[in-house]
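Residue numbers (our numbering), protein chains in the order written: chain A, 785 to 1117; chain B, 191 to 517.
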Amino acid sequence: MSEKLLEIKDLKVRYVVGKEVSEAVNGISLTLNKGETLGLVGETGAGKTTTALSIMNMLPQYVSRAEGEILFHGKNVLKMKNHELRKIRGKQISMVFQDPMTSLNPVYRVGEQIGEVLSLHEGKMPKEELRKRVGEILEMVGIPAARQDEYPHQFSGGMKQRVIIAIAIACRPELLIADEPTTALDVTIQAQVLDMMQELRDSLNSSILMITHDLGIVASFCDKVAIMYAGEIVEYGTLEDIFDRTKAHHPYTEGLFNAIPNLNVITPRLNPIHGLTPDPTELPKGCKFHPRCPYATDACKEGAVPVLTEGEHSIMCRRVKDRFKQAEKEEQA
Amino acid sequence: MLKYVIKRILLMIPTMLIVTALVFLLINITPVEPARIILGTDVSEEQVENLNRELGFYDPLPVRYFNWLKNAVQGNFGNSYYTNRGVMEEIMSRFPYTLKLSLLSLGLSILIGIPLGVFCATKQYSIGDHILSVLSMGLGAIPIFWLGLLLLLEFSSKLGWFPAGGVTKGGWLAWVLPTITLALGNTASYLRYTRSVMLDSIRQDYIRTARAKGCSEAAVTWKHAFRNSTLTLITITGTTLSALMGGAIVVEQVFTIPGLGVMIVTAIQRKDIPEVMGALVFLALFFLIMMLIVDLLYAVVDPRLKGRFAVSAKKPKKHAAAGKKVA
Chain A
785 MSEKLLEIKD LKVRYVVGKE VSEAVNGISL TLNKGETLGL VGETGAGKTT
835 TALSIMNMLP QYVSRAEGEI LFHGKNVLKM KNHELRKIRG KQISMVFQDP
885 MTSLNPVYRV GEQIGEVLSL HEGKMPKEEL RKRVGEILEM VGIPAARQDE
935 YPHQFSGGMK QRVIIAIAIA CRPELLIADE PTTALDVTIQ AQVLDMMQEL
985 RDSLNSSILM ITHDLGIVAS FCDKVAIMYA GEIVEYGTLE DIFDRTKAHH
1035 PYTEGLFNAI PNLNVITPRL NPIHGLTPDP TELPKGCKFH PRCPYATDAC
1085 KEGAVPVLTE GEHSIMCRRV KDRFKQAEKE EQA
Chain B
191 MLKYVIKRIL LMIPTMLIVT ALVFLLINIT PVEPARIILG TDVSEEQVEN
241 LNRELGFYDP LPVRYFNWLK NAVQGNFGNS YYTNRGVMEE IMSRFPYTLK
291 LSLLSLGLSI LIGIPLGVFC ATKQYSIGDH ILSVLSMGLG AIPIFWLGLL
341 LLLEFSSKLG WFPAGGVTKG GWLAWVLPTI TLALGNTASY LRYTRSVMLD
391 SIRQDYIRTA RAKGCSEAAV TWKHAFRNST LTLITITGTT LSALMGGAIV
441 VEQVFTIPGL GVMIVTAIQR KDIPEVMGAL VFLALFFLIM MLIVDLLYAV
491 VDPRLKGRFA VSAKKPKKHA AAGKKVA
């Protein structure tokens, strides 16, 4: 029933600066169907933004090396020529960026910046028509059409993010990549922006790749969830799979959930995942999470890590099976 | 906007007063009897003294300054001690040469320096970037007078392609060597400025937005990155043009161009006070007006700076208007 829109196969991205090689993305595979929303969750430096930029083939030139395949409508984005990419960017795939304060060009009117996408992808149109279209798009994101003649510095942060979303949806893209769209906004504005994105998703029927480190956003917004750690997807599943606390999870996912304080219980101390994200230039061997994992054994310290799959739910961990067997045994006993 | 311009023009008055007073003081530290210069050596002491008195030489310094100022405000800058020509007349006959030389070489520097700088920034660390960076540093370090002489020697004496001097006779060929001489150093600095400003704007987030929209690389570079760099480049152009007037002094000497630079140097050497003061007022005014133009251009280039042209009384009105819009 669902049509594959985007398929990432074994994507590896390295940044090479001098002699230092930073392994940002280490062989991830993902599928995104039409109309679906996928949440990509992980802490800073997990490779989320790098993955997003690879999908548009916008990694910084010269310093980055991408391997693997990113199939958009069956065509490999990584192998496309510049003129092919230009036709896709902004029209079929578009991106909402993290920092609304700096993502708009300060010297152009907001309307001009939205109009630019339209004229790039829908050909030249008379000035009046362009203004009308821009006005409509602004109204869609909740900004009065008359404000298209203003400059970005005349807008507040939340308004700027709306403008950026307006730019992204102007050509009704099939895939919208939202790279932490609410991180720079305060909580009430976050809710507004998310509500608006939800409405837009329903009316445009776009697929969305939602990059975030906020599990709350994932829970309210996504159909599928991928948890990223050190450039790998350590757990993938439907929203129910991931948020069902009775199911088996990757220890990292468990750690993320445990770190959320429960409002109904008095917790004297927060419960963090101990340790730090590994340095991408010096990733640990074996399972990349083992130095921080409470269940790690010697076997975890080397070799490839098996992936445990159950339906759509997959977990990249050697210990999950053992731990659950043990738990079952204890229950039976 | 108009109010802002008027305010700026009024602010020029105290600046000019300070500048003229300082130079008047400096040039009078070693006193020169104007009458001796004007009358020459074949006159009696008495005649000298009479003329000195007539010219106000025996008055105290402040009195002399205010007398000069009184005349200057009325547009009378006096006559040269040596040639007895009117100072303004003299300046006006020479200024076109200096202005033409400065503008030609400024244009040349901009036309070559900025595109090369943009190239270096977009192709950072490429071979072309490395070569141009080293070259620009080398060219920037060459003293103008030496470069001028070298060019004269090669292209005028040896190859005979261009005349050595002779700009007064017309002929654009005579302008080629002086223009290049004066432009080379500035081209190098334009290149370096443009490169660093562009490197800065290329890394901004809005460049990524532009790429994500599907803009071509040319549009990303020129429409988005370069447009944001123009603010700095305009500032540099303002100061460069004023510095060019200084550089022109040397070039005018080397290529025997009868410009303002040569005139000032000679006037200072001869202690020709009316000429020095006249030329100074002229150049200072020119500089201030250039700065005003630069400031006004800012508003054209960068919408964020428009606010500063609003005179304070206007502000509440604006807020009221904004309030209405929301309602």
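For every residue, glycine included, the Cβ atom is placed at its ideal position computed from N, Cα and C.
Keep in mind the model is a prediction, meaning the values are calculated, not measured.
Item, Value
"What is the DSSP secondary structure of residue 840 of chain A, reduced to helix, strand or coil?", "coil"
"Near residue 377 of chain B, which residues of its chain fall below 6 Å by C-beta distance, leaving aside the five closest residues on each side in sequence?", "299, 302, 303"
"Quick check on this structure: which residue in A/966, A/816, A/1069, A/801 has the alpha carbon closest to the alpha carbon of residue 791 of chain A?", "A/816"
"Buried or exposed: which applies to residue 858 of chain A, given that a residue is buried once 16 or more other Cβ atoms fall within 10 Å of its Cβ?", "exposed"
"Please state the DSSP three-state secondary structure of residue 1054 of chain A.", "coil"
"Since residue 873 of chain A meets chain B, which of its residues come closer than 8 Å, beta carbon to beta carbon?", "401, 402, 403, 404"
"Should residue 860 of chain A be counted as a contact of the ligand GTP given a C-beta to heavy atom distance under 7 Å?", "Among the components modelled here there is no ligand, and therefore nothing to report on the ligand GTP."
"Which class does residue 272 of chain B belong to by DSSP, given the choice of helix, strand or coil?", "coil"
"In chain A, what lies closer than 7 Å to residue 395 of chain B by C-beta?", "881, 883, 886, 887"
"Residues in its own chain within less than 8 Å of residue 237 of chain B by CB, not counting five upstream and five downstream?", "225, 229"
"For a contact defined as C-beta to C-beta under 8 Å, what are the partners of residue 1090 of chain A on chain B?", "Per Cβ cutoff of 8 Å: no residues; residue 1090 of chain A is ~37 Å from chain B at best."
"Starting from residue 798 of chain A, trace the beta strand (DSSP E) both ways and give me its first and last residue.", "788 to 801"
"Could you give the distance in angstroms between the alpha-carbon of residue 510 of chain B and the alpha-carbon of residue 496 of chain B?", "In this prediction, residue 510 of chain B scores a pLDDT of 41, lower than 50, which makes its location untrustworthy; the coordinate-derived value is nonetheless stated afterwards. Distance between the alpha carbons of residue 510 of chain B and residue 496 of chain B: 18 Å."
"Under the three-state reduction of DSSP, which class applies to residue 1069 of chain A: helix, strand or coil?", "coil"
"Taking residue 305 of chain B as the reference, give the member of B/379, B/438, B/358 with the closest Cα.", "B/379"
"Note down, in chain order, each residue of its chain lying with its Cβ closer than 8 Å to the Cβ of residue 985 of chain A, except the 5 sequence neighbours on either side.", "821, 960, 992"
"Shorter than 8 Å from the beta carbon of residue 900 of chain A to some beta carbon of chain B?", "yes"
"Note down the Cα distance separating residue 811 of chain A from residue 432 of chain B, rounded to an integer number of angstroms.", "59 Å"
"Go ahead and pull the three-state DSSP assignment for residue 1013 of chain A.", "strand"
"Quick one: what's got a C-beta closer than 8 Å to residue 853 of chain A's C-beta in the same chain, skipping five residues either side?", "791, 792, 793, 794, 795, 860, 862"
"Flag this pair as yes or no: are the beta carbons of residue 277 of chain B and residue 442 of chain B separated by less than 8 Å?", "no"
"Across which residues does DSSP place residue 1037 of chain A in a beta bridge pair?", "Looking at the DSSP assignment, residue 1037 of chain A forms no beta bridge with any residue, so it has no partner."
"Which same chain residues, not among the five before or five after residue 1006 of chain A, have their C-beta less than 7 Å away from its C-beta?", "821, 822, 823, 994, 1023"
"With distances taken between CB atoms, is the gap from residue 150 of chain B to residue 383 of chain B smaller than 8 Å?", "With chain B covering 191 to 517 only, the question about residue 150 of chain B has no answer from this structure."
"Can you tell me whether residue 957 of chain A is buried or exposed, with buried defined as 16 or more other CB within 10 angstroms of its CB?", "buried"
"Answer yes or no: does any C-beta atom of chain A fall closer than 8 Å to that of residue 493 of chain B?", "yes"
"Only counting the same chain, and skipping five residues up and downstream in sequence, which positions put a Cβ closer than 7 Å to that of residue 515 of chain B?", "At residue 515 of chain B the pLDDT is 41, less than 50, meaning the model places this residue with poor confidence; the figure from the coordinates comes in the next sentence. The answer is none, since no qualifying residue turns up."
"If the cut is a Cβ gap below 7 Å, which residues of chain A does residue 414 of chain B touch?", "889"
"Using DSSP with H/G/I as helix, E/B as strand and the rest coil, what is residue 970 of chain A?", "coil"
"Along the chain, where does the alpha helix (DSSP H) that runs through residue 905 of chain A open and close?", "894 to 906"
"Buried or exposed: residue 930 of chain A, going by 16 or more other Cβ atoms within 10 Å of its Cβ?", "exposed"
"Alpha carbon to alpha carbon, how far is residue 482 of chain B from residue 434 of chain B?", "18 Å"
"Based on DSSP bridge pairs, tell me the residues matched to residue 963 of chain A.", "A/995"
"Tell whether a beta-carbon distance below 8 Å holds between residue 1001 of chain A and residue 954 of chain A.", "no"
"Output needed for residue 312 of chain B: all residues of its chain with C-beta closer than 6 Å, excluding positions within five of it in sequence on either side, in chain order.", "411"
"If you measure between the beta carbons of residue 884 of chain A and residue 788 of chain A, is that distance less than 8 Å?", "no"
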